[in-house]
Amino acid sequence: MKIQDSFRFPYPVLNETYSDYTDDAIDLDVVVGESTSGKPTELQFKISLTSETILNSIADESAATFLSVVCQDTFFNQFYALDKLEGAISINQGELFGLVSVRAVIARTRAGTLDTVGASPEYLSTKFEVRAGSVLAWTLPREFDAGLDKLAPMASIFQIAEDKSLPDGAFGVDPDGEQITILVSPQMHKTASLLRNTADGKAVMLNSVYLPVLIEVILHFRTQEFESTRWSHIFKARAELAGVNLMSGSPLMIAQKLLKNPGTRLRKVTERL
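Numbering (our numbering), first residue to last: 149 to 421.
Next up, the structure:
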């Protein structure tokens with residue numbers, strides 16, 4: 149069954165865009181759980197429905213509730229019959245990738261006369277005969293980005309490599325590979341190796357190396373020249389998860405937010421001195 153928000157019907161229906169029911173409403177909450185260990189993706193749902201007429205139709209089984217899950221990138225399109233208005237469904241890992249649309253739909257399970265109690269006054273004097281499958285109510289789509297890129301740690305997009313052409317203490321950024329390569333001078337490469345083995349050293353690296361590198365990465369990302377790279381996919385997904393718009397705003401402020409304000413770690417280091 150394909151639902152579009154522009155659909156119009158010759159009988160009263162309930163949805164979030166417009167409603168033929170005066171005081172009734174329908175709503176949908178979805179919580180997405182993805183796993184890195186091969187387990188199915190879990191969609192926890194809660195449908196809020198205030199229409200007594202439609203609730204009664206569900207109770208006497210003349211109507212049923214469904215969850216529509218559509219992923220254009222993988223051609224996944226399934227309608228799940230629901231026993232309750234709140235629960236969870238599982239979808240095998242790999243079935244969903246990219247933009248996923250989820251909406252609740254309530255439809256007739258058998259033909260009959262439609263109860264119009266609660267509908268707008270213009271419908272009350274008319275008798276509506278509906279067929280099995282006729283849609284009674286639906287929600288707007290709830291959308292999310294499926295895939296494990298957003299679960300990958302930020303550190304996974306970086307690698308450190310020695311560049312003998314750099315002067316002591318200098319470092320640069322090479323964004324052309326699947327990972328961002330941080331190029332460092334030979335002496336700095338030794339220093340970085342030592343710092344990464346201690347908690348205090350990691351705090352120093354985060355502020356002195358990764359923060360400025362991330363600022364440059366943001367500038368590279370904005371050119372849109374690296375969209376096909378693995379690091380770009382992970383970086384975008386991590387930013388979306390953090391509610392960060394990479395294409396506008398101060399790169400410095402964005403970098404600090406993505407690194408969870410790394411300056412606080414330096415403060416903890418100085419407190420131990």
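Beta carbons are placed, not taken as given, at the ideal position from N, Cα and C, and that holds for glycine.
For Leu406, which of Lys232, Glu388, Met336, Arg415 has the nearest alpha-carbon?
If we check each option's Cα against that of Leu406, Glu388 comes out closest.
Starting from Asn225, trace the beta strand (DSSP E) both ways and give me its first and last residue.
From DSSP, the beta strand (DSSP E) with Asn225 extends over 224-230.
Could you please give the first and the last residue of the uninterrupted beta strand (DSSP E) stretch that includes Lys194?
Segment 189-197, the beta strand (DSSP E) holding Lys194.
Please go through the segment 305-358 and give each complete alpha helix (DSSP H) segment of 4 or more residues, from N-terminal end onward.
With a minimum length of 4 residues, the continuous alpha helix (DSSP H) runs that stay inside the segment 305-358 are 334-343, 347-353.
For the beta strand (DSSP E) containing Phe292, name the first residue and the last one.
It spans 290-294 - the beta strand (DSSP E) in which Phe292 sits, taken as one unbroken run.
Please report the straight-line C-alpha distance between Phe214 and Ile402, rounded to a whole angstrom.
So the alpha carbons of these two residues sit roughly 40 Å apart.
Measuring only from the beta carbon, is His337 closer than 6 Å to any heavy atom that is part of the ligand ADP?
For the structure depicted, the ligand ADP is absent and the ligand set is empty, with no information on it obtainable.
Secondary structure at Gly181, three-state DSSP: helix, strand or coil?
Strand.
For Arg344, which residues in the same chain have their Cβ closer than 8 Å to its Cβ, ignoring the five residues on either side in sequence?
So the qualifying residues of the chain are Lys350, Met353.
Measure the alpha-carbon distance for Pro188 versus Ser380 and round it to whole angstroms.
About 25 Å.
Report back the beta-carbon spacing between Asp316 and Ser333 to the nearest angstrom; my notes put them in contact at under 8 Å.
Rounded, the Cβ-Cβ distance is 5 Å, consistent with contact.
From the DSSP secondary-structure annotation, give me the bridge partner or partners of Asp175.
Beta-bridge pairing links Asp175 to Ser196.
Does the structure place the segment 233-242 close enough to the segment 272-290 that three or more beta carbon pairs sit under 8 Å?
These segments do not touch.
Give me the Cα-Cα distance between Gly325 and Phe306, rounded to the nearest whole angstrom.
C-alpha separation (whole angstroms): 10 Å.
Going by DSSP in three states, Ala280 sits in which element: helix, strand or coil?
Three-state DSSP puts Ala280 in coil, outside helix and strand.
Within 10 angstroms of the Cβ of Asn163, are there 16 or more other Cβ atoms? Answer buried if so, exposed if not.
Classification for Asn163: buried.
Looking at C-alpha atoms only, which residue of Pro158, Lys232, Pro289 is the closest neighbour of Arg279?
When only C-alpha atoms are compared, the closest one is Pro158.
Let's test the definition: count the other Cβ atoms within 10 Å of the Cβ of Val265 and tell me whether it reaches 16, buried, or not, exposed.
Exposed: under 16 other Cβ atoms inside 10 Å.
Exposed or buried, which one is Asp172 when buried takes at least 16 other CB atoms within 10 Å?
With 16 or more Cβ atoms within 10 Å of its Cβ, Asp172 is classed as buried.
Would you call the CB atoms of Thr510 and Ala347 closer than 7 Å?
In the structure as shown, the chain begins at 149 and stops at 421. Residue 510 is therefore absent and cannot be evaluated.
Go ahead and label Thr287 buried or exposed: buried means 16 or more other beta carbons lie within 10 angstroms of its beta carbon, across all protein chains shown.
Thr287 should be labelled buried.
What's the gap between the Cα of Phe292 and the Cα of Ala285?
Near 22 Å, if we compare the C-alpha coordinates of Ala285 and Phe292.
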